[in-house]
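To start, the structure under review is shown below, and the notes come after it.
Protein chains: 2
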Amino acid sequence: MTSCSARTANQCFPWLQAIDEPLKMDSLSLAERDQQAKREQGVTETSPMRLRMEKFIKEQQREIVKALEKVDGTKFRVDEWQRKEGGGGITCCLQDGKVFEKAGVGVSVVYGTLPKPAIMKMSANHKNIIEEDGQIPESLEFFAAGLSLIVHPKNPMAPTVHLNYRYFETAKPDGTSGTWWFGGGSDLTPNYLFDEDAVQFHRDLKEVCDKHNKDYFPKFKKWCDEYFYNKHRGESRGIGGIFFDDLDETVSDKENIFAFIQDSLKSFIPTYTSIVNRRKDMPFTPEEKDWQQVRRGRYVEFNLVHDRGTSFGLNTPGARVESILMSMPLTASWKYMHEPEPGSREARLVEVLQNPKEWV
Amino acid sequence: MTSCSARTANQCFPWLQAIDEPLKMDSLSLAERDQQAKREQGVTETSPMRLRMEKFIKEQQREIVKALEKVDGTKFRVDEWQRKEGGGGITCCLQDGKVFEKAGVGVSVVYGTLPKPAIMKMSANHKNIIEEDGQIPESLEFFAAGLSLIVHPKNPMAPTVHLNYRYFETAKPDGTSGTWWFGGGSDLTPNYLFDEDAVQFHRDLKEVCDKHNKDYFPKFKKWCDEYFYNKHRGESRGIGGIFFDDLDETVSDKENIFAFIQDSLKSFIPTYTSIVNRRKDMPFTPEEKDWQQVRRGRYVEFNLVHDRGTSFGLNTPGARVESILMSMPLTASWKYMHEPEPGSREARLVEVLQNPKEWV
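Sequence lines, in order, name chains A and B.
Each residue of the first sequence is one higher than the one before, counting from 13 in my numbering.
Each residue of the second sequence is one higher than the one before, counting from 13 in my numbering.
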């Protein structure tokens, strides 16, 4: 496991499932103590961030599923899965609906143990994972929770959207919270460019960011353009959004960052339902549907070739593959040497993908 | 560049295109000397293996294109491309034909320079790349040529086939041939299992192998099952064939191996045209077409996630991406939690993919 892949999944750490047996401390593992706390005290504002983040993303998952079901008129399939070492997940998927070709909303909550090489890599970005005497611990209990979402609409005029918010922490030997950080973001992938959608998507994200820190939006938009980049094609996967990682005490305190994460995630439903409702019933030609399919192919290429979380997950024995690959579109196409006509709407999209734009 | 990825492309070394300027020796590079030899003497049985392999695969490319055009009734598109440092390639593609959804036959011939780290990695499998005084050379001119082919038929009863034969050599400072090896193989990926096809495919390959060395077939079939393995799915990509690499002087002499490569490649047309002609007009249901699309998705997963050549190629700046991704099917599908009915024909295929079978 590498530090980057551990922190930049678009699928909420599914690979961490592969790590074995948690360490036992005070005879109870972190997972067991969290279970006990939930049972005895419930989850309140004074609970550890682990429990608050888990509660929050599960609530949001229900809200998002409800909102997307309302747009589509079709129910999601819900699969709950357990991880024997502690934690588990809920994968919600709507396939071949009226509006959505595929929509997946997944939550995973994972308890496990980091081996020394993983800790060493993480120490590059998180100095405080190193013990006071300068030693790298032999192993560390960790907790990881995240919500991730991908929606591929049927209508080629309606954009694909992806979102992921996650929290990671390691436990100190006494069971208190050690190193921690939040990561996340949301990005839009249209097949046809509607400036109105691109501007709204970015304006809404900027508003949330600005409320917390004026530096966030420009920094996270740039990070998004850099991360979701199909470098073998020389083009971005989509037209932007925000992406960030390693938000820890060097950036702000835990409460403030959690508040930012909450606001960001909560802004998804109004923004995206507004965009998709504008596009879902627009007329389109078979050629426009074909173009959507070619763009879907590029989406698959990014996810399978470049996305660190997906590829790491797929290479990890024991991961829940169907939750990781829920991000795949229902259908995709590859045409040899396919190039849009110069001056066409398709060509305009590619131009923006090759030269990311500031929308707000 | 790693040694493995340098030797196990399914796309004939496209990534080698990215390596810069060849070394100059006696004022002429290897590419220039080969050009001169072709111009002045033509290519005969006494020419260097580089020229004979190039001539042979280009002839075979024409033969295969002709044979597939005859089956389909549609002409291939032919793109010839040059590599400024020396060499180039010919990419032939037939898309959305009568019989074939996509058929790609590519030849690439590349001259370049290996940097020291690449040479060090290669030395693990090829000791004689190290100089007599035990030094690793700072850089080495190399030559790589290969033919690779993928055919995805439209009819779900007709299997996808993939094939690749390649030759690699480094030049000694005096311009003579240094370290060299051949690699290659051919494998079959049906959506529905016809034992007759599987047996014929393997029997024909076994016959060619046995003619040269009785150990080849069992060894290369096992290698094929191991290499074309979608480990995140716990299943093979297809039902087998042969795969081999590093066939060098420790295995046999250059002439004998070249003769084996020639026989193997020449056996493709009769075997595959016989199989595809039996299947191309079979009736099928929309559900069977859907299953084919799901299997196409698995094919994409293997090529983008696990195939060392493809992923290395896509991560190498300057590679001809369209030649690498010619291997993608025209269309593919991903269905969440899709599982064949127990006892169905689809389930039987999956069972064989999970437990590779000896067909002959």
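For glycine and all other residues, C-beta sits at the position ideal for the given N, C-alpha and C.
In the displayed model, I148 of chain B falls within coil according to three-state DSSP, outside both helix and strand. D260 of chain A sits close to W193 of chain A, with the two beta carbons spaced by under 7 Å. Taking a Cβ-Cβ threshold of 9 Å, none of the residues of chain A is close to L205 of chain B; the smallest such distance is about 23 Å. Interface residue (Cβ-Cβ distance to chain A less than 7 Å): S279 of chain B is not classified as such. If you keep only unbroken beta strand (DSSP E) runs of at least 3 residues inside the stretch 59-129 of chain A, you get 89-94, 99-107 and 112-127. Listed along chain B, the residues sitting closer than 7 Å to M338 of chain A by beta-carbon distance are Y348. As the crow flies, the alpha-carbon of F213 of chain B is around 19 Å from that of G195 of chain B. Runs of the alpha helix (DSSP H) spanning 4 or more residues and lying entirely within the stretch 258-306 of chain B occur at 266-278 and 280-291, in chain order. Among the residues of chain B, none has a CB under 9 Å from the CB of C104 of chain A; the nearest is roughly 10 Å distant.
Using a Cβ-Cβ distance cut-off of 8 Å, the stretch 156-164 of chain A and the stretch 172-182 of chain A are in contact, since at least three pairs of beta carbons, one from each stretch, lie closer than that value. The residue among B:T172, B:H224 and B:Q107 with its C-alpha nearest the C-alpha of L205 of chain B is B:T172.
The alpha-carbon of N225 of chain A is positioned some 21 Å away from that of E238 of chain A. Under the Cβ distance rule, E334 of chain B counts among the residues neighbouring chain A, one pair being separated by less than 7 Å. Cβ proximity to chain B below 8 Å picks out K243, H244 and R245 from the stretch 243-275 of chain A.
For L326 of chain B, the chain A residues whose Cβ falls inside 7 Å of its Cβ are H244 and V317, in order along the chain. Distance check between S39 of chain B and each of B:L342, B:D302, B:P295 and B:G187 places B:G187 closest, using alpha-carbon atoms only. A straight line joining the alpha-carbon of G124 of chain A with that of M132 of chain B spans about 38 Å. Between S335 of chain A and G118 of chain A, the C-beta gap is smaller than 7 Å, which places the two residues in contact.
Using a Cβ-Cβ cut-off of 7 Å, Q107 of chain A counts as an interface residue toward chain B, since at least one Cβ of chain B sits closer than that to its own. Distances from the alpha-carbon of S41 of chain A to those of A:K96, A:K128, A:K231 and A:G253 put A:K96 closest. Counting the other Cβ atoms within 10 Å of the Cβ of E208 of chain B gives fewer than 16, which makes it exposed. Residue contact with chain A for A359 of chain B: absent (no Cβ-Cβ distance below 7 Å to any residue of chain A). Assigned with DSSP and collapsed to three states, A156 of chain A falls in strand. Pairing Q304 of chain A with P168 of chain A gives a Cβ-Cβ distance under 7 Å. Contact check for D84 of chain B against G109 of chain B passes: the beta carbons are separated by less than 7 Å. Cβ-Cβ distances below 8 Å link T343 of chain A to E113, Q305 and R308 in the same chain, with the five nearest sequence neighbours on each side left out; the list follows chain order.
Shown here, N140 of chain A sits in a helix according to DSSP, grouped into three states. L342 of chain B reaches chain A at S345, W346 and K347, counting residues in chain order whose Cβ is nearer than 8 Å. Proximity of chain A to G118 of chain B at the Cβ level (cut-off 8 Å) is not reached, the minimal Cβ distance being about 11 Å. One finds L316 in chain B with Cβ atoms closer than 7 Å to the Cβ of E313 of chain A, taken in chain order.
Within chain B, the C-beta atoms nearer than 7 Å to that of S323 of chain A come from V317, in chain order. Just so you know, the alpha carbons of D91 of chain B and R332 of chain B end up roughly 12 Å apart. Judged by their CB atoms, I254 of chain A and G197 of chain A are nearer to each other than the 7 Å cut-off. In this structure, the alpha-carbon of H244 of chain A lies about 43 Å from that of P60 of chain A.
In this structure, DSSP gives I251 of chain A a state outside helix and strand, which the three-state scheme calls coil.
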